[in-house]
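Number of protein chains: 2
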Amino acid sequence: MGTIFLLCCQVYIYKFTKHYTRVKKQVFKRQSPTMQTTEKTEPKILELKTRLSEINDIEAAASVLYWDQATYMPPGGAAARGRQLATLQQISHSKFIDPAIGQLLEDLRPLEKSLAYDSDEASLIRLTRRKYEAAVRVPAQFMAQFSMHRTESYEAWAAARPSNNFRLVQPYLEKTLDMSRELANFFPGYEHIADPLIDFGDYGMKADFLRSLFADLRQQLVPIVEAITSQNPIDDSCLHQIYPEAQQLEFSLKVLEHLGYDFHRGRQDKTHHPFMINFSVGDVRITTRVYENDLGQALFSTIHEMGHALYEQGVNRDFEGTPLAGGTSSGVHESQSRLWENMVGRRQGFWKYFYPQLQATFPTQLGDVSLDTFYRAINKVGRTLIRTDADEVTYNLHVMIRFDLELQLLEGSLEVRDLPDAWNERYRSDLGILPETDTDGVLQDVHWYTGQIGGMFQGYTLGNLISAQFFEAALEAHPEISQEIEQGDCNTLHNWLKDEIYQHGCKYTAAELIRGVTGDALRIDPFIRYIRRKYGQLYTL
Amino acid sequence: MGTIFLLCCQVYIYKFTKHYTRVKKQVFKRQSPTMQTTEKTEPKILELKTRLSEINDIEAAASVLYWDQATYMPPGGAAARGRQLATLQQISHSKFIDPAIGQLLEDLRPLEKSLAYDSDEASLIRLTRRKYEAAVRVPAQFMAQFSMHRTESYEAWAAARPSNNFRLVQPYLEKTLDMSRELANFFPGYEHIADPLIDFGDYGMKADFLRSLFADLRQQLVPIVEAITSQNPIDDSCLHQIYPEAQQLEFSLKVLEHLGYDFHRGRQDKTHHPFMINFSVGDVRITTRVYENDLGQALFSTIHEMGHALYEQGVNRDFEGTPLAGGTSSGVHESQSRLWENMVGRRQGFWKYFYPQLQATFPTQLGDVSLDTFYRAINKVGRTLIRTDADEVTYNLHVMIRFDLELQLLEGSLEVRDLPDAWNERYRSDLGILPETDTDGVLQDVHWYTGQIGGMFQGYTLGNLISAQFFEAALEAHPEISQEIEQGDCNTLHNWLKDEIYQHGCKYTAAELIRGVTGDALRIDPFIRYIRRKYGQLYTL
Numbered sequence: 108m109g110t111i112f113l114l115c116c117q118v119y120i121y122k123f124t125k126h127y128t129r130v131k132k133q134v135f136k137r138q139s140p141t142m143q144t145t146e147k148t149e150p151k152i153l154e155l156k157t158r159l160s161e162i163n164d165i166e167a168a169a170s171v172l173y174w175d176q177a178t179y180m181p182p183g184g185a186a187a188r189g190r191q192l193a194t195l196q197q198i199s200h201s202k203f204i205d206p207a208i209g210q211l212l213e214d215l216r217p218l219e220k221s222l223a224y225d226s227d228e229a230s231l232i233r234l235t236r237r238k239y240e241a242a243v244r245v246p247a248q249f250m251a252q253f254s255m256h257r258t259e260s261y262e263a264w265a266a267a268r269p270s271n272n273f274r275l276v277q278p279y280l281e282k283t284l285d286m287s288r289e290l291a292n293f294f295p296g297y298e299h300i301a302d303p304l305i306d307f308g309d310y311g312m313k314a315d316f317l318r319s320l321f322a323d324l325r326q327q328l329v330p331i332v333e334a335i336t337s338q339n340p341i342d343d344s345c346l347h348q349i350y351p352e353a354q355q356l357e358f359s360l361k362v363l364e365h366l367g368y369d370f371h372r373g374r375q376d377k378t379h380h381p382f383m384i385n386f387s388v389g390d391v392r393i394t395t396r397v398y399e400n401d402l403g404q405a406l407f408s409t410i411h412e413m414g415h416a417l418y419e420q421g422v423n424r425d426f427e428g429t430p431l432a433g434g435t436s437s438g439v440h441e442s443q444s445r446l447w448e449n450m451v452g453r454r455q456g457f458w459k460y461f462y463p464q465l466q467a468t469f470p471t472q473l474g475d476v477s478l479d480t481f482y483r484a485i486n487k488v489g490r491t492l493i494r495t496d497a498d499e500v501t502y503n504l505h506v507m508i509r510f511d512l513e514l515q516l517l518e519g520s521l522e523v524r525d526l527p528d529a530w531n532e533r534y535r536s537d538l539g540i541l542p543e544t545d546t547d548g549v550l551q552d553v554h555w556y557t558g559q560i561g562g563m564f565q566g567y568t569l570g571n572l573i574s575a576q577f578f579e580a581a582l583e584a585h586p587e588i589s590q591e592i593e594q595g596d597c598n599t600l601h602n603w604l605k606d607e608i609y610q611h612g613c614k615y616t617a618a619e620l621i622r623g624v625t626g627d628a629l630r631i632d633p634f635i636r637y638i639r640r641k642y643g644q645l646y647t648l
Numbered sequence: 108m109g110t111i112f113l114l115c116c117q118v119y120i121y122k123f124t125k126h127y128t129r130v131k132k133q134v135f136k137r138q139s140p141t142m143q144t145t146e147k148t149e150p151k152i153l154e155l156k157t158r159l160s161e162i163n164d165i166e167a168a169a170s171v172l173y174w175d176q177a178t179y180m181p182p183g184g185a186a187a188r189g190r191q192l193a194t195l196q197q198i199s200h201s202k203f204i205d206p207a208i209g210q211l212l213e214d215l216r217p218l219e220k221s222l223a224y225d226s227d228e229a230s231l232i233r234l235t236r237r238k239y240e241a242a243v244r245v246p247a248q249f250m251a252q253f254s255m256h257r258t259e260s261y262e263a264w265a266a267a268r269p270s271n272n273f274r275l276v277q278p279y280l281e282k283t284l285d286m287s288r289e290l291a292n293f294f295p296g297y298e299h300i301a302d303p304l305i306d307f308g309d310y311g312m313k314a315d316f317l318r319s320l321f322a323d324l325r326q327q328l329v330p331i332v333e334a335i336t337s338q339n340p341i342d343d344s345c346l347h348q349i350y351p352e353a354q355q356l357e358f359s360l361k362v363l364e365h366l367g368y369d370f371h372r373g374r375q376d377k378t379h380h381p382f383m384i385n386f387s388v389g390d391v392r393i394t395t396r397v398y399e400n401d402l403g404q405a406l407f408s409t410i411h412e413m414g415h416a417l418y419e420q421g422v423n424r425d426f427e428g429t430p431l432a433g434g435t436s437s438g439v440h441e442s443q444s445r446l447w448e449n450m451v452g453r454r455q456g457f458w459k460y461f462y463p464q465l466q467a468t469f470p471t472q473l474g475d476v477s478l479d480t481f482y483r484a485i486n487k488v489g490r491t492l493i494r495t496d497a498d499e500v501t502y503n504l505h506v507m508i509r510f511d512l513e514l515q516l517l518e519g520s521l522e523v524r525d526l527p528d529a530w531n532e533r534y535r536s537d538l539g540i541l542p543e544t545d546t547d548g549v550l551q552d553v554h555w556y557t558g559q560i561g562g563m564f565q566g567y568t569l570g571n572l573i574s575a576q577f578f579e580a581a582l583e584a585h586p587e588i589s590q591e592i593e594q595g596d597c598n599t600l601h602n603w604l605k606d607e608i609y610q611h612g613c614k615y616t617a618a619e620l621i622r623g624v625t626g627d628a629l630r631i632d633p634f635i636r637y638i639r640r641k642y643g644q645l646y647t648l
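Spelled out as structure tokens, the structure:
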């Protein structure tokens with residue numbers, strides 16, 4: 108609570124560089140390798156790690172099964188695969204909520220207190236306790252029932268979406284809402300019923316704080332969108348010629364290699380919905396999809412997922428097999444995918460280096476298209492209906508609509524049956540566009556139909572905000588980064604991100620990390636500054 | 108014991124067709140769907156199946172991890188993957204040897220006795236008991252130590268093989284031999300120390316019986332090999348032109364599709380050492396490798412693995428999630444890979460249909476090569492050093508050398524340090540050829556360096572023998588099969604194999620199955636007859 112209160116108060120305080128440096132050094136002092144030393148004197152930490160490593164192995168196995176399901180599994184494997192995944196999840200969950208782990212965490216309190224807050228082992232004990240205490244609150248029976256319901260709900264959505272029939276999913280969504288409330292109520296004492304659900308992805312973030320933060324963001328974004336969309340739209344037809352799949356994939360591999368994605372510890376495969384997944388620090392994979400008539404799809408989804416992957420590949424390898432290995436929150440994770448996708452991948456300087464190579468790959472399609480035309484095309488802003496296709500400027504408006512509707516549903520101020528109308532009304536007011544069908548409206552995202560209602564969307568906008576904060580901090584620490592990117596060299600940026608963010612895994616909460624890296628709390632100014640500067644050059648603002 | 112004694116006595120008794128039909132119908136009477144009915148009256152069978160299904164899910168997950176390791180995993184994933192596989196194996200083993208399963212099997216004895224021997228549920232209880240009683244005999248600590256040793260031994264082999272240095276692996280192999288004896292001694296009361304080890308793959312087979320069976324086989328094969336190799340060798344240079352990988356893979360997919368491999372429930376990927384693996388009856392995959400200068404490699408390894416896969420795809424889907432789902436022994440499994448690879452895939456009639464298509468795929472390479480030249484090339488017999496590249500006639504000689512050496516090592520009549528000499532001496536006497544290096548000699552197969560010594564090789568030759576017995580029975584039941592294959596139609600054969608063999612999964616032991624399908628015991632005559640007939644046309648015999 109304390110952390111978040113500070114965060115709320117300080118969100119608009121201007122960042123002082125010196126303060127930033129000092130704070131950062133305090134927070135991120137690297138510990139000596141206490142891990143091994145302590146293991147000798149304290150067998151309980153070893154026992155804890157052994158148990159966690161076993162659980163981690165099972166979770167990693169489930170991830171491999173999921174990856175296979177989304178890439179190569181033949182259709183006939185689906186039924187058994189669902190069962191196999193459920194079995195692994197049930198085993199890892201029951202091993203994690205074993206009272207023996209609770210006892211170990213109790214027994215380790217004195218050790219934890221004797222160590223520095225950010226020592227590897229104190230962090231491990233702290234994080235494990237936080238996750239343990241959350242996990243034991245939710246009864247296994249509820250977990251199983253909710254999981255079963257979500258599977259049914261997903262199937263209903265998959266049928267309802269193409270037939271544009273929200274009424275087919277309405278009863279499922281109503282039950283999802285009931286169960287989401289039930290889930291939240293296993294964590295009594297919240298300020299807002301969405302808070303426990305937000306905690307799953309963005310620990311420590313609060314609904315009321317986010318609502319107010321997002322309202323400010325919306326207030327600043329809407330006039331920018333209006334200014335842009337009142338001008339002549341950018342012509343992006345150069346992206347919509349025919350680009351054969353094989354060359355698109357080949358080029359994306361070249362970009363990945365160049366940006367520092369480690370193929371020794373990863374690979375890229377095709378899938379329907381691109382994602383990043385990791386089975387260990389040594390095996391961090393990404394997937395992409397290719398549209399032959401839309402060059403941007405594969406290109407930017409590849410760089411997006413690579414951003415997630417660079418984060419996971421950069422985690423301290425000593426954390427392997429523990430809950431410390433991995434990104435710290437959905438917001439910080441998304442900050443990395445968006446930083447690489449947008450701040451690097453849609454940057455003019457980036458294409459100074461890469462565009463000649465892209466032209467060489469597609470001479471017929473792009474030989475006569477200038478760098479400037481291409482750069483403008485990949486940064487075209489428009490009032491569109493689909494979140495995942497939205498540009499940088501409007502993207503957060505899509506996200507915030509969903510976030511607000513989640514809160515209203517949970518609060519009871521909106522009924523599920525009125526959701527399509529509420530959705531459409533918000534698209535009209537925020538984006539000035541009205542979905543013609545629910546398929547392009549309330550049925551477009553899978554999140555509510557396969558997860559809970561609450562906590563599913565805030566990470567996307569948090570990611571955009573944090574990415575701008577981190578990128579400003581990187582440029583401040585290393586002003587040469589801009590120049591280097593123009594020469595096709597992202598090493599300084601990548602190394603800075605590794606040192607400041609990636610290596611720490613989940614050691615710090617998002618709030619601690621942002622404070623440590625930027626000397627400041629979460630803020631919207633850097634993002635607005637970034638948007639104004641970039642789009643002020645592309646449009647008249 | 109009784110079964111095997113009968114088998115030994117009857118192995119040379121001539122098969123009477125009428126007897127065969129009668130016996131088959133007796134043994135294979137399909138049961139009414141007792142499964143569901145019994146579950147209602149007997150909750151313990153449901154509890155057993157629930158436990159077995161969970162174990163099956165974990166084993167399937169381990170298989171997915173193994174498949175991924177052998178196909179797509181980046182090198183950086185190796186260390187964690189080893190740990191993940193070990194964790195899954197340890198969990199599934201400890202869940203299987205749970206005394207609660209032993210108790211359930213005891214409690215289910217009355218039910219088992221009340222049911223027909225070959226009812227689904229009696230078979231499930233019987234098979235589970237057999238596996239349970241074997242599993243509980245081996246201490247978990249020994250399992251872990253042996254597994255660890257085998258990993259080290261494999262690494263030593265991987266280093267010793269390219270450097271042609273048997274002395275590097277000798278100490279590992281000595282320890283493997285000690286531990287193999289220790290493993291066998293967890294099953295006291297055996298006739299030969301290899302018997303418990305053979306049981307793992309080929310349940311019920313006995314070393315003394317196999318030694319005598321193989322001696323007879325060798326006695327009949329050696330003169331055939333001599334007769335063939337004294338003649339001018341076949342010219343197979345047409346297979347050793349340059350065949351681009353993409354077209355080879357494309358053609359192999361066409362063959363798979365045509366032969367009845369169900370791509371809805373399977374797929375083919377590339378790997379170093381081809382294998383078949385299944386994660387459920389609905390997901391049975393194969394892998395292949397392509398040598399651009401050797402057309403036969405991908406072609407026949409594809410059909411070989413497909414044979415294994417047709418078996419697994421053909422198992423009764425009611426057996427899903429139980430130990431009944433799967434091939435019944437390594438010998439019977441290999442009988443299916445060899446039947447499809449050799450008796451179908453290297454058959455003249457088969458290529459009457461497929462060769463024009465192969466020529467169309469490779470017009471430059473094969474346009475001027477006659478069907479007869481091609482057919483002779485894919486059936487070239489020679490005295491060679493490498494088992495996996497050996498032709499149908501000499502293949503069993505390779506296998507039997509290994510089998511005999513395993514027995515001698517276990518018996519103590521051969522020391523590990525003398526193994527290379529013994530190996531070479533047997534190649535000289537049996538195949539008339541001397542390996543110049545241990546790399547092409549005693550270091551060529553991975554089996555002893557990653558498994559135990561004993562029970563690793565007999566399945567290959569058993570498979571060849573059984574394949575000939577089954578194929579004769581199929582032709583006897585459906586003489587039209589020969590004609591159909593020439594027209595590219597393998598459905599009658601495939602359906603017969605499904606009905607007679609595949610659907611039963613592990614319900615019957617290999618001995619019961621052979622008896623049921625052929626009305627006879629395991630015999631060598633059909634294989635010798637097949638070799639004499641086919642190679643009598645290719646060579647003067």
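In the order they appear, the protein sequences are chains L and Z.
So that you can map any letter, position 20 of the first sequence is 127 in the numbering used here, and since no number is skipped, the others follow by simple counting.
So that you can map any letter, position 452 of the second sequence is 559 in the numbering used here, and since no number is skipped, the others follow by simple counting.
The beta-carbon is built from N, C-alpha and C at its ideal position, and this holds for glycine as well.
Keep in mind it's a predicted model, so treat the numbers as computed, not measured.
Residue-level contact to chain Z via CB, residue i, 9 Å cutoff
i	result
residue 186/L	yes
residue 182/L	yes
Contacts of residue i in chain C (Cβ-Cβ under 7 Å)
i	result
residue 194/Z	No chain C appears in the structure shown, which is made up of the protein chains L and Z.
Beta carbon of residue i nearer than 9 Å to that of residue j
i	j	result
residue 386/L	residue 177/L	no
residue 204/L	residue 155/L	no
residue 459/Z	residue 446/Z	no
residue 600/Z	residue 611/Z	no
residue 375/Z	residue 393/Z	yes
Whole-angstrom distance between residue j and residue i, CA atom to CA atom
i	j	result
residue 546/Z	residue 198/Z	37 Å
residue 225/Z	residue 615/Z	8 Å
residue 491/Z	residue 302/Z	30 Å
residue 498/Z	residue 488/Z	6 Å
residue 435/L	residue 418/L	10 Å
residue 159/Z	residue 228/Z	13 Å
Contact with chain L by residue i, beta-carbon distance below 9 Å
i	result
residue 208/Z	no
residue 376/Z	yes
residue 384/Z	no
Inset, instruction - Check whether the region 460–476 of chain Z touches the region 338–349 of chain Z, counting contact only when three or more Cβ pairs, one atom from each stretch, lie closer than 8 Å. - result: Result yes; three or more Cβ-Cβ pairs closer than 8 Å.
Legend entry - Interface positions of the region 165–180 of chain Z facing chain L (Cβ-Cβ less than 9 Å), listed along the chain: 165, 167, 168, 169, 171, 172, 174, 175, 178, 179 and 180
Inset, instruction - Give a yes or no on contact between the region 186–202 of chain L and the region 156–171 of chain L, applying the rule of three or more CB pairs nearer than 8 Å. - result: yes
Inset, instruction - Check distances from the C-beta atoms of the region 422–442 of chain L to those of chain Z and list, in chain order, the residues that come in under 9 Å. - result: 427 and 428
Inset, instruction - Mind checking the region 347–373 of chain Z against chain L and listing, in chain order, the residues whose C-beta falls within less than 8 Å of any C-beta there? - result: Residues of the region 347–373 of chain Z whose Cβ lies closer than 8 Å to any Cβ of chain L, in chain order: 369, 370, 371, 372 and 373.
Inset, instruction - Give, in chain order, every residue of the region 386–404 of chain L whose Cβ lies closer than 7 Å to some Cβ of chain Z. - result: 386, 387, 389 and 390
Legend entry - Chain-ordered residues of the region 241–263 of chain Z with a beta carbon less than 9 Å from chain L: none
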